[in-house]
Each structure stands twice: as C-alpha cells, then as structure tokens.
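Residue numbers (our numbering), protein chains in the order written: chain A, 255 to 590; chain B, 255 to 590. Ideal Cβ positions, reconstructed from N, Cα and C, are used throughout, including at glycine. Notes to accompany the following structure.
Protein chains: 2
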Amino acid sequence: MRIALDAMGGDRGPGMAIQGALAAVQEKSDLHVILLGPRPLLEEQIAGYSSGWHGLRDRITLYHAPEVITMDDLPVEAVRKKKEATVMVGFDLVKNGEADALVSAGNSGATMAAAIKKLGRLPGISRPGLGSFFPTVKKPVMLMDIGANVDCRPQHLYQFAVMASSCSHLLLNYDRPRVGLLSIGEETGKGNALVKETYDLLKRSPLNFVGNVEGRDVWKGDVDVIVCDGFVGNIALKVSEGLAEAAMQMLKREIMKTWRAKVGSLLIRGAFAGFKKQLDYAEYGGAPLLGIDGTGIICHGASNAIAIRNAIEVAANMVRNRVNDAIVHTLGEYTA
Amino acid sequence: MRIALDAMGGDRGPGMAIQGALAAVQEKSDLHVILLGPRPLLEEQIAGYSSGWHGLRDRITLYHAPEVITMDDLPVEAVRKKKEATVMVGFDLVKNGEADALVSAGNSGATMAAAIKKLGRLPGISRPGLGSFFPTVKKPVMLMDIGANVDCRPQHLYQFAVMASSCSHLLLNYDRPRVGLLSIGEETGKGNALVKETYDLLKRSPLNFVGNVEGRDVWKGDVDVIVCDGFVGNIALKVSEGLAEAAMQMLKREIMKTWRAKVGSLLIRGAFAGFKKQLDYAEYGGAPLLGIDGTGIICHGASNAIAIRNAIEVAANMVRNRVNDAIVHTLGEYTA
Chain A
255 MRIALDAMGG
265 DRGPGMAIQG
275 ALAAVQEKSD
285 LHVILLGPRP
295 LLEEQIAGYS
305 SGWHGLRDRI
315 TLYHAPEVIT
325 MDDLPVEAVR
335 KKKEATVMVG
345 FDLVKNGEAD
355 ALVSAGNSGA
365 TMAAAIKKLG
375 RLPGISRPGL
385 GSFFPTVKKP
395 VMLMDIGANV
405 DCRPQHLYQF
415 AVMASSCSHL
425 LLNYDRPRVG
435 LLSIGEETGK
445 GNALVKETYD
455 LLKRSPLNFV
465 GNVEGRDVWK
475 GDVDVIVCDG
485 FVGNIALKVS
495 EGLAEAAMQM
505 LKREIMKTWR
515 AKVGSLLIRG
525 AFAGFKKQLD
535 YAEYGGAPLL
545 GIDGTGIICH
555 GASNAIAIRN
565 AIEVAANMVR
575 NRVNDAIVHT
585 LGEYTA
Chain B
255 MRIALDAMGG
265 DRGPGMAIQG
275 ALAAVQEKSD
285 LHVILLGPRP
295 LLEEQIAGYS
305 SGWHGLRDRI
315 TLYHAPEVIT
325 MDDLPVEAVR
335 KKKEATVMVG
345 FDLVKNGEAD
355 ALVSAGNSGA
365 TMAAAIKKLG
375 RLPGISRPGL
385 GSFFPTVKKP
395 VMLMDIGANV
405 DCRPQHLYQF
415 AVMASSCSHL
425 LLNYDRPRVG
435 LLSIGEETGK
445 GNALVKETYD
455 LLKRSPLNFV
465 GNVEGRDVWK
475 GDVDVIVCDG
485 FVGNIALKVS
495 EGLAEAAMQM
505 LKREIMKTWR
515 AKVGSLLIRG
525 AFAGFKKQLD
535 YAEYGGAPLL
545 GIDGTGIICH
555 GASNAIAIRN
565 AIEVAANMVR
575 NRVNDAIVHT
585 LGEYTA
C-alpha cells in the first residue's frame with residue numbers, strides 16, 4: 255500500500271506531514287509513504303527527524319514536486335499554471351499506479367480540481383465531492399458535501415448519498431447506512447426547492463433513506479449519512495468548529511473567575527482531554543474526496559501529525575475496501 | 255406599553271407564558287401584558303399563580319382567543335382556517351392599536367403568516383424575516399434570516415441586512431453595525447450564486463458591509479450582523495443547538511469515568527452555570543420578526559419563563575426605539 259503525501263499542504267509546515275508519515279508507517283508494516291515536495295526542502299526537513307527513522311527509512315520515499323499551491327491560489331488557475339505542484343504530481347503517481355492514494359492538507363478546491371483533471375470522474379458521477387466524518391454522541395456520521403459543490407441539483411445530492419453510503423458502509427461497517435437529508439424540519443415538504451426535489455429522488459432510490467433531518471441531528475448520531483449541498487455542509491462544519499472554540503473560551507473565562515473553579519478545573523482536566531479528543535476532527539482522518547477515479551483524502555489545513563497519520567490510514571482503508579467499486583455498483587443499480 | 259402574549263404557544267404549556275408575563279410586569283412598571291388563549295383555560299391556569307399577583311393583577315389582562323395553532327399545523331392553512339387563533343387575535347390587537355407588539359413561542363411559520371396577513375409588510379420590504387441574536391465570545395451578533403425564507407434572491411438578503419442593522423443599532427447600541435455575508439470563504443468571489451450576487455449589492459449599499467464571513471465567524475463576534483438565506487441560517491442555528499447539547503452529554507460521560515473528575519465537576523459547577531447562561535438562547539429574548547408593519551417576537555418552542563420575560567422586554571424596546579421607522583428610512587436612502 256503506497257500513499258502519496260503532500261508535504262507542503264498544511265498550515266503548520268512540512269514537519270507535520272513528516273511526523274504523520276513516520277507515525278503511519280510505524281503503525282502499519284504494509285504501508286509505504288511517498289512524500290511530495292521540493293526535494294532539497296524535503297531532505298533538509300527530514301534530517302530533523304532522523305531519530306525516528308530506525309527501520310522506517312526504506313518505507314518513506316521522497317518525490318520531487320517543485321511547485322506549491324497555496325491557500326490563496328484560485329483552484330482552476332492553480333491547476334492550469336502549476337503543473338508541477340505537489341498535488342498534480344501526486345495524482346499523476348496515482349494515475350500511473352505508482353501510488354494507491356493521495357493525502358493533502360492543502361487548498362481543498364485545488365486538490366479537488368487536480369484530482370478531476372488527472373484522474374477524472376467515476377462512471378456515472380457528475381460532481382465529485384467531499385465527505386466528512388462528524389463525531390456524535392453515538393457513532394460518527396458522514397456529512398457530504400462539505401464544500402466542493404456550492405450550487406447543486408437534486409441528482410448531485412443523490413450521488414452524494416450513494417457515495418457517502420458506500421464509504422460509511424465499507425469504512426465504518428455500517429449495515430445499510432441510514433441516509434438523512436439535511437433540511438429545516440423533519441416533515442416531508444419542509445425545506446428549500448433543492449431539498450424538496452431531492453427528497454422524492456432519495457425516496458424512490460434503493461438507498462436506506464429515512465427522510466429529512468435537522469441541523470441538530472448532525473450531532474445526534476441517529477442517522478449514518480447526512481446529505482446537503484456543499485455550501486450548507488461547509489456552514490454546518492465551520493459553525494461547529496467556531497462554536498467548539500468559542501465554548502472553550504467562554505468556559506475558561508468562567509473558570510478563571512473563582513479559585514474554587516480553578517481547582518475544580520485541575521481535577522477535571524483528564525475528562526476535558528477525553529472530551530476534546532471526541533470532538534477533535536484530527537481523530538477522524540480527514541475528508542474523503544469521493545467520485546474521482548482514484549483515491550484522495552483532504553485534511554484540515556490546521557492538521558497535526560495525528561490527523562495526517564489517521565488520514566493515511568483512512569486512505570489505505572478506502573483502497574483496500576474498494577470503495578470506488580461499491581459506488582459504481584450502487585449507482586448502476588438505479589438511475590436517478 | 256402593552257404587549258400581547260400568546261399563552262398557548264410554547265411546548266411547555268401556558269404556565270411558562272404566565273410566569274414570564276408576571277416576571278416582565280414585575281420588572282418594568284410601565285408594562286402591561288395581554289394574555290391570549292381560551293378564557294376558561296387562562297383563568298384556571300392563572301389561579302395557580304395567585305401568590306405572585308400582589309399589585310400586578312391590574313397589569314395583566316386575559317383576552318379570549320379560542321383557537322390554537324399547533325406545531326404540526328401547516329402555516330398557510332392554519333392562518334386561513336383558524337381565524338380565532340391566539341396569534342390571529344393578537345395581531346388584530348396590534349393592528350387596532352390595542353397592543354403594541356405580540357410575543358409567541360408557537361409555530362413560527364404560522365406566526366409569520368398571521369403577521370403578514372394581519373399587519374402587512376413595511377413599505378419596500380418584499381420578504382419579512384426572522385432575526386436572532388447569537389451569543390459570541392465578544393458581543394452578540396444578529397443572524398438573519400433564521401428560517402422564514404428558504405429560497406431567496408439577492409434583494410431579499412440586502413433587505414435582511416438593512417433590517418438587522420437597524421435592529422442591532424437601536425437595540426444593542428451598535429454604532430454603524432458591521433455587516434457580514436455568510437459564505438464558505440472570506441475572499442470576494444467565494445460562495446454560491448446567491449452570495450456572489452448579494453456581495454455586489456451590499457458593497458454598493460450605504461450599509462457598513464465588511465465582506466464575506468465564514469461559519470466559524472458566527473461565534474467570534476467580529477461582526478455585528480450576519481446575513482444569509484433562511485435555510486442556511488436555520489441550519490447554522492440548529493447545528494449550534496445540537497452541538498451544545500451533544501458536547502454537554504459527551505463531557506458528562508467523560509466526567510462520570512473517574513472520581514477525581516466527579517469531585518472536580520462539583521467545584522466547577524458555578525462556572526458551568528455561568529457558561530451555560532452565556533450560551534442560553536433564553537437570555538437573548540427570542541427572534542424579532544422584522545419587515546412587518548408592526549412588532550412581533552417569536553420565541554423558541556422550549557422557552558422557559560425567563561425567555562418569555564426577555565422576549566417581552568425586547569418587544570417593548572423595539573417599539574420604544576421605533577425600529578420599523580429606522581428600517582423604512584434606511585431602505586429609502588438606497589434602492590437595491
């Protein structure tokens with residue numbers, strides 16, 4: 255299993271990618287990571303982690319990709335102009351069979367554009383998208399799309415449902431994943447024009463469609479897959495991130511008001527750490543790029559080494575479990 | 255100042271409305287509350303609160319409205335068929351000048367429909383909407399629309415911006431409120447078709463438009479007003495509610511794992527209460543129904559007495575500060 259890893263993608267520099275790669279190959283003996291970036295920089299960076307290399311060196315390859323797409327680059331333009339960017343070179347490796355999948359914490363729009371350009375879409379898919387695992391009070395739920403497609407038609411949402419169902423069935427072992435349609439009320443007929451049309455499409459499909467779900471259901475875990483357009487999915491994701499951060503700040507401010515609470519906060523520290531781990535996107539291994547003829551994972555720009563390691567594992571699992579074959583098969587069963 | 259209060263609206267029964275009304279008139283000596291509902295039921299219910307009535311009885315009037323619109327009623331149908339429903343009778347009182355505003359914790363769609371039917375729109379407003387105050391780590395932000403209008407055009411979002419700006423300027427004393435447009439990236443050009451068109455409209459307007467904001471900015475407090483269509487706003491609101499609940503459950507589960515954390519949680523209890531109060535929608539006094547030719551506040555169905563009391567105060571403040579005059583004036587300054 256060879257995973258190409260964009261060393262230049264994250265906000266926190268190539269060190270995170272290198273540490274994530276080391277952690278991944280240490281954990282899984284059948285794993286090989288191909289680090290993508292300007293070779294001199296990769297060599298310099300990697301020298302700093304020499305102590306972690308015992309026995310792992312032969313399972314990490316450096317691969318020269320001289321250009322870097324930044325977060326400020328416009329996706330379509332970046333893909334046209336930066337032909338030797340890490341993600342472009344990486345998806346070439348996937349296309350040629352030299353890598354099984356690509357992981358990047360870089361510009362998600364550009365990574366998506368690069369994937370479509372280099373690998374193309376799966377048969378029957380009109381819009382590849384990004385799925386994301388949300389933690390809930392029960393089991394994780396897959397939300398799709400979280401930002402790749404901002405203006406959608408019902409067929410696109412149906413395809414997101416097929417892709418996310420296949421993915422959560424194979425990666426999370428969900429049997430016939432329950433699919434919910436994100437709307438502003440549970441009753442049939444609630445929602446905007448897109449949701450109303452999509453409802454009928456999902457209802458007629460062979461998917462395990464359970465109806466509309468509301469924003470609060472994203473965190474309940476009563477469904478396995480939630481579909482929405484990428485604009486709404488992105489808002490849901492970012493609002494959640496923002497609230498989690500704001501809540502921590504508000505709580506800290508309250509705790510600092512009394513000595514009693516300060517002492518309590520020391521005793522409760524372990525529980526807080528466990529709680530934060532449950533909410534931490536890093537634990538969930540990035541967002542699978544679904545609908546491309548190949549495998550790609552996009553990580554949060556702020557990803558740490560654990561997030562990168564987990565994303566590499568998710569990428570490997572997607573390849574092993576042939577998620578793409580399942581998507582094509584399910585799409586073939588029913589024409590929306 | 256006479257505020258009509260729908261006693262039949264909330265999920266928690268007329269008792270909450272009565273307690274809220276009592277708390278409101280107790281706090282403000284110039285306030286009069288008109289309780290709406292079937293008279294026999296109101297008389298029976300109010301008997302249970304006789305101990306709180308000293309000196310307040312003459313400032314609470316019971317007003318007979320025999321019909322009740324439930325949460326399951328379809329708004330348009332309910333307004334057509336239930337002509338003597340609490341909110342229908344209440345908005346009649348507002349129209350006739352017998353009440354200055356209406357507060358309801360009932361079916362928000364039906365309350366909106368009743369307001370439009372009885373009072374009509376403000377001159378220049380095509381779509382009345384619901385604004386909501388969100389707590390942030392800094393000052394509250396007003397998000398509009400939170401669910402009244404699911405499919406919008408750019409002009410509607412511009413009008414939401416005008417209404418929410420006027421409202422937050424007069425109620426929260428924000429000087430030239432900073433208006434953000436909810437999107438999936440801060441850069442100009444990010445967003446769906448609706449957002450891109452609205453961006454230009456807001457940029458040309460005399461409002462203090464600061465550009466796109468992301469979902470995480472809802473909780474940051476760096477802008478004063480955030481505009482979006484009602485579908486997206488509702489998702490943002492409900493996802494936040496869902497996460498707040500889920501986070502509490504997750505944290506409790508972690509705390510129950512060790513004795514150390516259990517003891518800590520006792521010491522930290524006061525800080526937790528302060529924190530929950532900051533996040534509590536009840537503290538923010540419901541959602542102003544903006545754009546109607548009159549004043550209405552819609553409360554959360556789960557509102558407690560504090561939420562009702564605060565909503566009554568917000569309604570009174572809206573009337574006192576002539577929010578509607580400001581909206582009409584601002585709209586007149588510029589034609590979008």
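- A/R574 counts as exposed, since fewer than 16 other beta carbons sit within 10 angstroms of its beta carbon.
- Taking a C-beta distance under 8 Å as the contact criterion, A/F485 and B/I480 do not qualify as a contact pair.
- A straight-line Cα-Cα distance of about 9 Å links B/E338 and B/H318.
- Residue state for A/Y317 is assigned as strand, using DSSP reduced to three classes.
- Rounded to whole angstroms, A/M270 and A/S557 show a C-alpha spacing of 8 Å.
- Not a single CB atom of chain B sits nearer than 8 Å to the CB of A/L543.
- Taking a beta-carbon distance threshold of 8 Å, A/E297 does not count as an interface residue toward chain B.
- Assigned with DSSP and collapsed to three states, A/S380 falls in coil, not helix or strand.
- By the rule that beta-carbons nearer than 8 Å mark a contact, B/M504 touches chain A.
- The region 424-469 of chain B is shown to contain whole beta strand (DSSP E) runs of 3 or more residues at 432-436 and 462-467, in chain order.
- Contact annotation: A/I552 and A/V416 have beta-carbon atoms that are not nearer than 8 Å.
- Put simply, the region 349-359 of chain B does not touch the region 386-403 of chain B. Fewer than three CB pairs are less than 8 Å apart.
- Within its own chain, the residues whose Cβ lies closer than 8 Å to the Cβ of A/G374, once the five positions on either side in sequence are excluded, are I546 and D547, listed in chain order.
- Around the beta carbon of A/G496, a 10 Å sphere encloses 16 or more other beta carbons of the protein chains shown; the residue is thus reported as buried.
- Cβ neighbours of B/K336 within its own chain (closer than 6 Å, five residues either side excluded): E321 and I323.
- DSSP places A/L328 in no alpha helix (DSSP H); its state is neither H nor E.
- A/A559 places its beta carbon 8 Å or farther from that of A/G344.
- Taking 8 Å as the cut-off, the beta carbon of B/L543 is found no closer than this to the beta carbon of B/L436.
- The continuous alpha helix (DSSP H) containing A/H583 extends over residues V577 to E587.
- Take the alpha-carbon of B/A561 and the one of B/D534: they are about 9 Å apart.
- DSSP places A/H308 in the coil class of the three-state scheme, outside both helix and strand.
- Per DSSP, the beta-bridge partners of B/F387 are B/M396.
- Proximity of A/D327 to chain B, defined by a Cβ-Cβ separation below 8 Å, is not satisfied.
- DSSP places B/S358 in the uninterrupted beta strand (DSSP E) bounded by A355 to S358.
- B/V477 places its beta carbon 8 Å or farther from that of B/V493.
- With its beta carbon less than 8 Å from one in chain A, B/I489 belongs to the interface.
- Chain B places a beta carbon closer than 8 Å to that of A/V472, counting this residue as a contact.
- Assigned with DSSP and collapsed to three states, B/P292 falls in coil, not helix or strand.
- Taking C-alpha positions only, B/R507 is separated from A/K506 by approximately 20 Å.
- DSSP places A/L497 in the helix class (H, G or I) of the three-state scheme.
- Taking 8 Å as the threshold, the shortest C-beta distance from A/R432 to chain B does not fall below it.
- Residue pairing of B/H286 in beta bridges, as defined by DSSP: B/R256.
- In the three-state DSSP reduction, B/R375 falls in the strand class (E or B).
- Using a CB distance below 7 Å, the part of the region 366-393 of chain A facing chain B consists of T390 and V391, ordered along the chain.
- Note on B/W513: under 16 other CB atoms within 10 angstroms of its CB, so exposed under the neighbour-count rule.
- Note that the region 446-461 of chain A does not touch the region 362-371 of chain A; fewer than 3 beta-carbon pairs, one per stretch, sit closer than 8 Å.
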